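A.B. asks: Below is the structure I would like to discuss, written out as structure tokens.
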Amino acid sequence: MSTAEDITFKPESLEKAQQLMKRYPEGKHKSALIPILHIAQAEFGGWLSAPTMDYVAKILNIQPIEVYEVASFYSMFNLQPVGKCLIEVCRTSSCWLCGAEDIIDHLEKTLGISVGETTADGRFSLKAVECLGSCGTAPMMQVGADYHENLTIEKVDTLLEKFRTEDKQSRYC
Amino acid sequence: MSKKLLLKNDHIPGINTLAVYRQNGGYSVLEKTLTTMTSDAVVEEVKKSGLRGRGGAGFPTGLKWSFLAKPEGVPRYLVCNADESEPGTFKDRYLMERIPHLLVEGMIASGFALGAKTSYIYIRGEYFYVAKILEQAIEEAYAAGLLGKNILNSGFDHDLYVQVGAGAYICGEETALLESLEGKRGNPRIKPPFPAVAGLYGCPTVVNNVETIAAVVPILEMGGDEYAKIGIGKSTGTKLISASGHINKPGVYEIELGLPVEEFIYSENYCGGIKGGRKLKAVVAGGSSVPVLPTELILKTAAGEPRLMSYESLGDGGFATGTMMGSGGFIVMDEDTSIVKNLYTFARFYHHESCGQCSPCREGTGWMERILHKILDGHGTLKDIDLLWDIQSKIEGKTICPLGEAAAWPVASAIRHFRSEFEAYVQNPEGIKDIKHYYRLNNERAVAG
């Protein structure tokens, strides 16, 4: 099993993390925790393992528990491995009113998985998420950092085809 | 009632760049402010404008600014709340994406008014691409000497940073936002002390919504008194409305406050009427948290007056027959919408987003979601409707932050105005499969089952 000692950021990520820490007053560099966790998640396969979080704690010179308690609070941080392409479909009011359930049903059927699961080949993970602020262009899904709006079944199929070869899981990079 | 102050230039190609923004008068207000006004004079103009917080609470902005403590030798902070997570709301995203420099200009002018040398824009993590647009705008502003040291030779120094969140509705609550900005879980703080006294890093802090800060620019351009002439009564100025649901033209509209609701829904200048020529059933006028109103009460007050898009008119009648302006997230539902199912999506949302600090909210939101699920599944009883009512009443007012109320009000209002629909679900479970509560794409209604 890997430990924090085995994990290091690429030099440019480390540089980015150190720049981020300078944005805050002296002694308040813990403010950089969430942005750095985004970098870590993007760099280490789209999720945060315990050793990854320990490594982030080391960079920030804080206790590992301070990282775990934050990582487990925010829905964008994945504490389990995810597919190379993370599909998140909004299901709250306006999206539901405009057919989000059809989009979810179609994705489940096409990918052969249920919401919350990853395909056996590790390519796609499917999540149903709460309002992403795209209500006027509903239904919508977010794939990686990108918003795909005014969805139709045909549009979803075209996107899926594209994502069979394109990795889409990282965000803050 | 067509008056554009914030979005008057949003159609101009390249307005997101500094060059085009400046060609259209951008940063002239900042220049005038920094070179001819004192910070107290800026606060005074904002007070005179009558501007009220556009994030949802509607608290007078000038008054909020005047509460800011100013102890010697202690830094003050300005934080912009760009966490926009209230279901039905997407106006800030539109504004930041289209005219990022309007927010940047507003931040610098507001920072000057408050004596803040550093400010942060806290933006929800999912809006990552918008954060990039803002960072680009900020970089341009630094390069042009509009940020950094001695801005426009005024002697005023200001640094502005974008902070990205990571998915948590609760971080739109200002003290939760500050906790998150400090690198912690987004648990709201017990107040007092208010952020104006002890906010970011324990220092005096003002937290304002994106639209509020952007509105400071036109206020300083025309003067507070002139701004106050726009709108109606104590609802001064313009407001961005996010319109969604079963309407022909969803999108972000800037309206002059006081516009009749009926005109907003049916005019071709705004929502363009209900999709497919269907009838209106209900509206959630100010984001998921505010009470839902049936057609007769959203178009007219209980007294029969036309309902207007203003803080006072939307609130007329209290919660018995009125609602709230909220964030301006305007969700429209047509005649075949299941109010129970829509409420379920809200209840599931609040359960998911409760931070878990206060037991009435942590436990109550889960109970409400599960009971609604049970009713939708055909296993509900009449007692469950009373139980829902009882639970929401035991959350409201009993939590540290307003997420409790936000979760309770949609449930209370749905039962208040649509009780017969809940009863139909529990009294005729077999009939549920004939209830058109399942929306298909292309807005076809399909009978479930």
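As given, the protein sequences belong to chains Y and C, one line each in that order. Residue numbers for the first sequence follow the numbering used here, so the first one is 1 and each next one is one higher. Residue numbers for the second sequence follow the numbering used here, so the first one is 1 and each next one is one higher. Here a beta-carbon is modelled for each residue, glycine too, at the ideal position from N, C-alpha and C. None of these values were measured; they are calculated from a predicted model.
1) Using only CA atoms, which one of L297/C, P250/C and L387/C lies nearest to G88/C?
2) Whose C-alpha, out of R54/C, L7/C and E97/C, is nearest the C-alpha of N16/C?
3) Jot down the residue ranges of each uninterrupted beta strand (DSSP E) in the stretch 377-405 of chain C, minimum 3 residues, whole runs only, in chain order.
4) Would a check of beta-carbon distances place E342/C closer than 8 Å to chain Y?
5) Which of the residues in the stretch 229-256 of chain C, read from start to end, lie with their CB under 8 Å from any CB of chain Y?
6) So if I threshold CB-CB distances at 7 Å, which residues from the stretch 58-87 of chain Y count as touching chain C?
7) So is G356/C buried or exposed if we call it buried at 16+ other beta carbons inside 10 Å?
8) Hey, how far is the Cα of P11/Y from the Cα of C85/Y?
9) Using CA coordinates, which residue listed in A166/C, W389/C and L68/C is at the minimum distance from I39/Y?
10) Classify E26/Y: buried if its beta carbon has 16 or more other beta carbons within 10 angstroms, exposed otherwise.
11) Run through chain C and tell me which residues come within less than 9 Å of L37/Y, C-beta to C-beta.
12) Suppose you measure from the CA of E430/C to the CA of D336/C; what does that come to, to the nearest Å?
13) Determine the burial state of S420/C: buried for a count of at least 16 other Cβ atoms within 10 Å of its Cβ, exposed for fewer.
14) For the pair the stretch 107-117 of chain C and the stretch 77-87 of chain C, tell me if three or more CB-CB distances fall below 8 Å.
15) If you measure from the beta carbon of K30/Y to each beta carbon in chain C, is any gap under 8 Å?
16) Measure the alpha-carbon distance for S119/C versus L134/C and round it to whole angstroms.
17) Which complete alpha helix (DSSP H) runs does the stretch 10-80 of chain C hold, if anything under 4 residues is left out?
18) Cβ of V42/C within 8 Å of Cβ of S66/C?
19) So with Cβ pairs under 8 Å, would you call E478/C a contact of chain Y?
20) If we count the other Cβ atoms within 10 Å of its Cβ and call it buried at 16 or more, is H158/C buried or exposed?
21) Using a Cβ-Cβ cutoff of less than 7 Å, which residues in the same chain neighbour Y266/C once the five nearest sequence positions on both sides are dropped?
22) Give the straight-line distance between the Cα atoms of I138/C and P51/Y, rounded to the nearest whole angstrom.
23) Can you check the stretch 276-339 of chain C for any beta strand (DSSP E) of at least 3 residues that lies completely inside it and give the ranges in chain order?
24) Going straight from the alpha carbon of D105/Y to that of Y344/C, what length do you get?
25) So within the stretch 74-161 of chain C, which uninterrupted alpha helix (DSSP H) runs reach at least 4 residues, ignoring any that extend past its ends?
26) Run the CB neighbour count on E166/Y, radius 10 Å, all protein chains shown included, and call it buried at 16 or more, exposed below.
27) Kindly indicate if chain Y contains any beta-carbon less than 8 Å away from that of E174/C.
28) Once you ignore the five residues that flank V426/C on each side, which residues in its own chain have a CB closer than 8 Å to its CB?
29) Can you pull the chain C residues whose beta carbon is under 7 Å from the beta carbon of L132/Y, in chain order?
30) Output the boundary residues of the beta strand (DSSP E) element that contains D6/Y.
31) Helix, strand or coil for A100/Y, going by three-state DSSP, please let me know.
32) Is M21/Y helix, strand or coil when you go by DSSP?
33) How big is the Cα-Cα spacing for P35/Y and L48/Y?
34) Let me check one thing: in DSSP terms, what residues is L126/Y bridge-paired to?
35) Identify each residue in the stretch 87-112 of chain Y for which the Cβ-Cβ distance to at least one residue of chain C is less than 8 Å, and report them in chain order.
36) At the 8 Å Cβ level, is R23/Y part of the contact set with chain C, yes or no?
C.D. replies: Based on what the coordinates show:
1) Selected option, being the one with the closest Cα: P250/C.
2) E97/C
3) If only uninterrupted beta strand (DSSP E) runs of at least 3 residues are considered, none is enclosed by the stretch 377-405 of chain C.
4) Rather than Glu, the amino acid found at residue 342/C in this sequence is Asn. At a cut-off of 8 Å between beta carbons, N342/C contacts chain Y.
5) S242, A243, S244, G245, H246, P250, G251 and V252
6) E69, V70, F73, Y74, S75, M76 and F77
7) exposed
8) 25 Å
9) The residue with the shortest Cα to Cα distance from I39/Y is A166/C.
10) E26/Y is exposed by the Cβ-count criterion.
11) A166
12) 18 Å
13) exposed
14) The stretch 107-117 of chain C makes contact with the stretch 77-87 of chain C; the number of CB pairs closer than 8 Å reaches 3 or more.
15) It does; some Cβ of chain C falls within 8 Å.
16) 13 Å
17) 18-23, 28-36, 39-49 and 61-66
18) no
19) Nothing can be reported for residue 478/C, as the shown portion of chain C is limited to 1 through 449.
20) buried
21) G273
22) 35 Å
23) 280-284, 292-294 and 329-334
24) The C-alpha of Y344/C is placed about 18 Å away from the C-alpha of D105/Y.
25) 91-98, 100-114 and 128-143
26) exposed
27) no
28) I375, G380, T381, L382, D384 and I385
29) E126
30) Neither: D6/Y is in no beta strand (DSSP E) and is coded neither H nor E.
31) helix
32) Correct three-state label for M21/Y: helix.
33) Their Cα atoms are separated by approximately 13 Å.
34) The partner list for L126/Y (beta bridge, DSSP) reads I87/Y.
35) R91, T92, S93, S94, W96, L97, C98, G99, E101, D102 and I103
36) yes
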